[in-house]
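Take a look at the structure set out below.
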Amino acid sequence: MNEFCYLLLFLLPVVLGIECRPEGVIFPRPRGLNQSEVFRYALANLTKTLDSAFNGNIRVSWDIQNVSLSIAVVGLEQEDPSGPLWEYHHLAPANVDGTRSLDKHSQYMIGSISKVITNAVALRSGVNLDDPITKYLPELNSDESLIDWNSITLRALGGQLAGIPPNYGFSEYHYLRTWFEALGFPPLNNSAYPECGVIGLNTECTRQQFIAGMLAAQSLAPANARPVYSNIAYTLLSYALQAATGRDNYTVLLSDFLTTPLRMPSTHPSPGDDTLAVIPPGPSSWGSPYGDHAPGGGLVSSLADLSTFAHAILSRNPTLAPPARIREWLLPRSFAGSRSSFLGWPWEIFRPAPEVLFPDTYNSRAQRRGHSVTVHVKDGVAYGYRARLALLDEYGLGLVILTAGGQNALTEVFDAALATLVPAADKAAVEAAEREYVGWFGGTSTPETGAVNVSARVGMDGASMTLEALERNGVDILAGVDQLWQGTLLALLPSVQATGVYRLYPTDVERKVTLADGREVVEEDWRLWRETLLDTQTDLPGKGISEHDCVSWTLADWLHYGSESLDRVVFVKDVRTRKVLGLDAPFLRSQIMKKRQTRA
């Protein structure tokens, strides 16, 4: 067997018994979600659910008298980036300070959502994120340091992969020392504690004291080995960005690179505006100055500002960053301790089990099957506050939840929102795709060799769009493609069987072109995904293990005919309305097949 055959043996998929598909969207992101009946019904249902919870008609784990909440659903097509598709507000009856009227401009502490905002500043700054921190903070380049700071890049700091401690000084509870002693711990002199930042003992750290503390800090892991949550990593990142850009402090850095260009006036280091504030009853972090710790957890913001921020990411707004950098920003960078949890920069990415998000249709043959949905989250906690920014990029949706007065409320409200909105958004995407893409396509061209008739049928089953038929002058082209697969790729692994299903998935690759008749259209690339199954006859132990490894992604663009890929299909759309006008299979060298109601 030659070298090419060995390569194919390595690359071929061995199973589709599990969910196995190209990464990314299954259907194009639905347009006009706010006009979708199913999605509007889901939003109305979520409103009723939250009303019932705060009215005491639904059992919840939080004290409804103390919890204030603002929640927004952000969509790609909202006219105003700061004006969400839907918003909901509840002001706790026990609130006695701050605003008496909640709206999207009301201010909350957002805790560690500050981290993803600091990372956005880093993206916009243009600083090389792969530079070591010692390039900008040479004081850390010391042989006496217990941490190898030269191996820690700005990217590692912003992605929780630096392996450094979470805090400095703040993690010490000096006021609890008598409790420690009562539990059997040895008595300590004050000199045993850090010289700054310890609540109840000394003052906030100066920059010089903080850097000195870093030289004495212990490493928790080598750089880029595994996630270690760190707040102080963002203080260091901020110092580096200030040094690289010449900004005097983090407040100027934030304003110059993010909040002014994106028009986010309520997003700035604490303290915020008391007249706009949502201040929970009892002690809280409201009004606390965070100083140099603001980049990691000390920002104030509002529903309007975070909606603007989410919209910029979902829409790949070049004001935020070039689209390619935004796409890169959303990719995972590390595992995070479970098979459904991953770490981004610094997104907390997870994929809920399909049977949880789609309980009504999961594994149903008659309806659309559930599938993994990627949720990008950044949580934030401050004393008395909890916040969450979440992106459902597959549907072009964002969720912003801001709470004050109860830590439990956010998780329960977020889960309720996901359970309500994801199936609705998914159904809206299916309905839109069915309207736009499913049907017959046909055309006739007259090259030098004579008239050529081509036709295709695009359908949909429980998992994706499908190419059900493709003919040229009455010849079944899909049957020919099947023979080519069987005689080349699949012949190398007889135990791999093709199911006969040709799935269609969008690639997010499109271009504007001008047709011969002068019309300007959009060409939207899709790719065929050949579904295969493993049929092995063996009594060896471990049978079925490989079924959980999806490597079919390696087969894109493998078979060509005259420089044209056999798995590339192009939908032609009106440049203004985005309506599907026709279909092209470039390897057939025919004219565009126009969309038809029936097979002509």
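The UniProt record's numbering puts the first residue of the sequence shown at 1, with every later residue one more than the last.
Note that the Cβ used here is the ideal one computed from N, Cα and C, for glycine as well.
If you're wondering where the values come from, they're calculated on a predicted model, not measured in any experiment.
Per the coordinates, the alpha-carbon of ASP574 lies some 8 Å from the alpha-carbon of GLU520. The stretch 81-169 is shown to contain whole beta strand (DSSP E) runs of 3 or more residues at 86-90 and 107-109, in chain order.
Per DSSP, the continuous beta strand (DSSP E) segment holding ILE349 begins and ends at 348-350. The C-alpha of LEU303 is placed about 21 Å away from the C-alpha of PHE39.
Residue pairing of TRP440 in beta bridges, as defined by DSSP: ARG457 and ARG596.
Non-local beta-carbon contacts of SER238 in its own chain, meaning distances under 6 Å to residues more than five positions away in sequence, involve TYR250 and PRO295 in chain order. A Cβ-Cβ contact shorter than 7 Å links PRO194 with GLY213.
Annotation for THR99: SER106, THR275, LEU276, ALA277 and VAL278 place their beta carbon closer than 7 Å to its own, counting only its chain and skipping 5 residues before and after. For HIS376, the enclosing beta strand (DSSP E) covers residues 375-382. Using a Cβ distance threshold of 7 Å, VAL454 and SER590 count as a contacting pair. Each of GLU436, PRO281, ALA312 and ILE211 was checked against the Cα of PHE27, and the nearest Cα belongs to GLU436.
In this structure TRP179 is exposed. Its beta-carbon is surrounded by fewer than 16 other beta-carbon atoms within 10 angstroms. DSSP, reduced to helix, strand and coil, places TYR229 outside both helices and strands of the structure shown, so it counts as coil.
Short of 6 Å from the beta carbon of PRO30, and not among the five residues preceding or following it, lie these beta carbons of its own chain, in chain order: ALA428, ALA429 and ALA432. In the DSSP assignment, LYS573 falls within the beta strand (DSSP E) that extends over 568-574.
By the C-beta density criterion, ALA225 is exposed, having fewer than 16 other C-beta atoms within 10 angstroms.
The Cβ atoms of GLY459 and SER68 do not sit closer than 7 Å to each other. For GLU328, the enclosing alpha helix (DSSP H) begins and ends at 323-329. Partner residues in a beta bridge of ALA585, as assigned by DSSP, do not exist. Here the alpha carbons of ASN66 and SER301 stand approximately 20 Å from one another. Taking C-beta atoms as the reference points, TRP149 and LEU157 fail to come closer than 7 Å. DSSP places SER307 inside the alpha helix (DSSP H), whose first and last residues are 303-314. Here LYS579 is exposed. Its C-beta has fewer than 16 other C-beta atoms within 10 Å.
The alpha carbon of ARG155 has as its nearest neighbour, out of PRO22, LEU484, ILE133 and GLY169, the alpha carbon of ILE133. Taking the Cα positions, SER125 is about 11 Å away from GLY246.
Pairing PRO187 with ASP549, the inter-Cα distance amounts to about 54 Å. Counted as a single uninterrupted DSSP element, the alpha helix (DSSP H) harbouring GLU181 occupies residues 177-182.
SER171 and VAL198 have their C-alpha atoms some 8 Å from each other. For ASN119, same chain residues with a beta-carbon under 7 Å away, outside a window of 5 residues either side, are GLY158, TRP345 and PRO346 in chain order. Secondary structure at THR532: strand, using DSSP grouped into helix, strand and coil. For TYR561, the CB contacts under 7 Å within the same chain, skipping 5 residues up- and downstream, are PHE587 in chain order. A contact is defined here as three or more CB-CB pairs under 8 Å, and the stretch 402-422 meets this definition with respect to the stretch 42-61. Two segments are said to touch when three or more pairs of C-beta atoms, one from each, lie closer than 8 Å; by this definition the stretch 378-387 does not touch the stretch 43-60. Rounded to whole angstroms, the separation of the alpha carbons of LYS595 and ALA244 is 55 Å. In the DSSP assignment, ALA469 falls within the beta strand (DSSP E) that extends over 465-472.
Under DSSP, TYR505 shares a beta bridge with ARG527.
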